[in-house]
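Enquirer: Dropping the structure in here first, questions after.
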Amino acid sequence: MAQRKAEIEQQAEKIVAGLVRKSRGQHVSKKARKKLKKSGSAESSEGNAGSSTEHNEIQAAEIEAQREAVIADVMKSRVSTPSRDITLAPVLYECLRTKASDLVPAELNYPRTDAHKVRCRVFEDLWEKGHYMTVGSKFGGDFLVYSGELFLQALIIQP
1 MAQRKAEIEQ
11 QAEKIVAGLV
21 RKSRGQHVSK
31 KARKKLKKSG
41 SAESSEGNAG
51 SSTEHNEIQA
61 AEIEAQREAV
71 IADVMKSRVS
81 TPSRDITLAP
91 VLYECLRTKA
101 SDLVPAELNY
111 PRTDAHKVRC
121 RVFEDLWEKG
131 HYMTVGSKFG
141 GDFLVYSGEL
151 FLQALIIQP
């Protein structure tokens, strides 16, 4: 917000000059200029806009007051602080659907048998060596082992 305010203050002179021209009727839109150009009366309107130097001479205090008013108006209309409901979002530390009364302690007793223990040790060893593994039951094994790329199968680990 401070950055936007600094940008508006830098451009304040241009904004004030444009609003002063617009309030005096000196500002002519592109459509109006095209219509005037087609009708041939563009010369007179351009001459009036350039020859009115006495209108452009405004006292310094009045310009400064206009500048401050324009900055305040632009800040109010274009720079706004987001509302509280938009800026605040809840940070969830736990699942809202799960209640403490619903939780049941469970024992993890895997691997149970010697075969399961061997499978776990083989998986751990191959994983630590940097191999990738997938389920190998479709091919009659425990794991499919890939050396580096997942497209080239290297080994089928059987029980």
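Here the sequence shown stands for residues 1 to 159, numbered as in UniProt numbering.
A virtual CB, placed ideally from N, CA and C, is assigned to each residue, including glycine.
Since we're looking at a predicted model, the values are computed, not measured.
1. For the beta strand (DSSP E) containing V145, list its first residue and its last residue.
2. Within 10 angstroms of the Cβ of D114, are there 16 or more other Cβ atoms? Answer buried if so, exposed if not.
3. Let me confirm a value: L144 is counted as buried when at least 16 other C-beta atoms fall within 10 Å, else exposed. Which label applies?
4. Which ranges would you report for the alpha helix (DSSP H) in the stretch 81-141 if only whole runs of at least 4 residues count?
5. Given a cut-off of 8 Å on the beta-carbon distance, is the pair R121 and D142 in contact?
6. Assign V104 to buried or exposed, taking buried as 16 or more other Cβ atoms, counted over all protein chains shown, within 10 Å of its Cβ.
7. Buried or exposed: V70, going by 16 or more other Cβ atoms within 10 Å of its Cβ?
8. Take S80 as the anchor and find which of E9, R4 and I157 has the nearest alpha-carbon.
9. Have a look at the DSSP bridge pairing and note the partners of I71.
10. In angstroms with no decimal places, state the Cα-to-Cα distance between E7 and R24.
11. Span of the alpha helix (DSSP H) holding S29?
12. Would you kindly work out how many angstroms separate the C-alpha atoms of G18 and A32, rounded to a whole number?
Expert: Straight from the coordinates:
1. As a working mapping, residue 145 is identified with position 145 in the sequence shown. Looking at the DSSP string, the run of the beta strand (DSSP E) that includes V145 is F143 to Y146.
2. Indexing the sequence shown from 1 puts residue 114 at position 114. Label assigned to D114: exposed.
3. Taking the first residue of the sequence shown as 1, we reach residue 144 at position 144. L144 is buried by the Cβ-count criterion.
4. 84-87 and 114-128
5. The residue given as residue 121 occupies position 121 in the sequence shown. The residue given as residue 142 occupies position 142 in the sequence shown. Their beta carbons are not under 8 Å apart, which means R121 does not touch D142 by this criterion.
6. In the sequence shown, residue 104 corresponds to position 104, counting from 1. Classification for V104: exposed.
7. Residue 70 sits at position 70 when you count from the first residue of the sequence shown. It counts as buried.
8. By one-based count along the sequence shown, residue 80 stands at place 80. Checked all of E9, R4 and I157; the closest Cα to S80 is R4.
9. On the sequence shown, residue 71 is found 71 positions in, with the first residue counted as 1. Per DSSP, none; premise fails for I71.
10. Translated into the one-based positions of the sequence shown, residue 7 becomes position 7. Translated into the one-based positions of the sequence shown, residue 24 becomes position 24. If I take the Cα positions, the gap works out to 26 Å.
11. Position 29 of the sequence shown, counted from the start, is the residue given in the question as residue 29. Element bounds for S29: n/a, residue is neither H nor E.
12. Translated into positions along the sequence shown, residue 18 becomes position 18. Translated into positions along the sequence shown, residue 32 becomes position 32. Cα to Cα, G18 sits roughly 17 Å from A32.
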